[in-house]
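All remarks here apply to the structure that follows.
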Amino acid sequence: MSYAGLDPVVRESGDSRTEGGISKEGNSYLRWILVQCANTAVHNSKDPYLSEFYWRLRGQKNKPHKVAIVATARKMLVSIFHMLSNEEVHDPPGVST
């Protein structure tokens with residue numbers, strides 16, 4: 023996540039801990055393309071796994087579009103990482119093929 027800059031900013035001092043937005047310290051081109059892919063997956067490709075996640079953030083948790091789409095991009099990056107590291111095909115939970 024940190025290579026793409028999609029990890030949260032964490033500030034700690036003693037017993038206090040604050041988590042902020044994304045760090046943006048990674049590769050900006052990778053972060054940009056992941057957000058574009060997340061937009062396409064949610065709005066055009068009818069991917070139920072990512073689409074349901076996005077709309078749950080938008081509806082139930084009342085998140086703005088930009089926050090929800092970056093969270094969806096992060097979820098997509100985690101899935102891509104696990105597919106590559108485990109040499110698996112895309113098989114999202116809850117979706118039967």
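Residue numbers (the working numbering): 23 to 119.
Each residue gets a CB set at the ideal place from its N, CA and C atoms; glycine is no exception.
{"query": "Identity of the residues DSSP links to threonine 40 by a beta bridge", "result": "Arg33"}
{"query": "Aspartate 29 to valine 92 span [Cα, whole Å]", "result": "11 Å"}
{"query": "Span separating the alpha-carbon of threonine 62 from that of alanine 90", "result": "14 Å"}
{"query": "Contact under 8 Å by Cβ, glycine 27 with asparagine 49", "result": "yes"}
{"query": "DSSP three-state assignment for histidine 87, whether helix, strand or coil", "result": "helix"}
{"query": "Same chain, Cβ closer than 8 Å to leucine 99, five either side skipped, listed in chain order", "result": "Met23, Ala26, Leu28 and Leu56"}
{"query": "Unbroken alpha helix (DSSP H) run spanning alanine 63, endpoints", "result": "50 to 65"}
{"query": "Neighbour-count burial assignment, serine 40, 16 or more Cβ in a 10 Å radius", "result": "One detail in the question is off: residue 40 reads as threonine in this sequence, not serine. Label assigned to threonine 40: exposed."}
{"query": "Residue from Val31, Ser45, Leu52 and Glu34 with nearest C-alpha to isoleucine 102", "result": "Leu52"}
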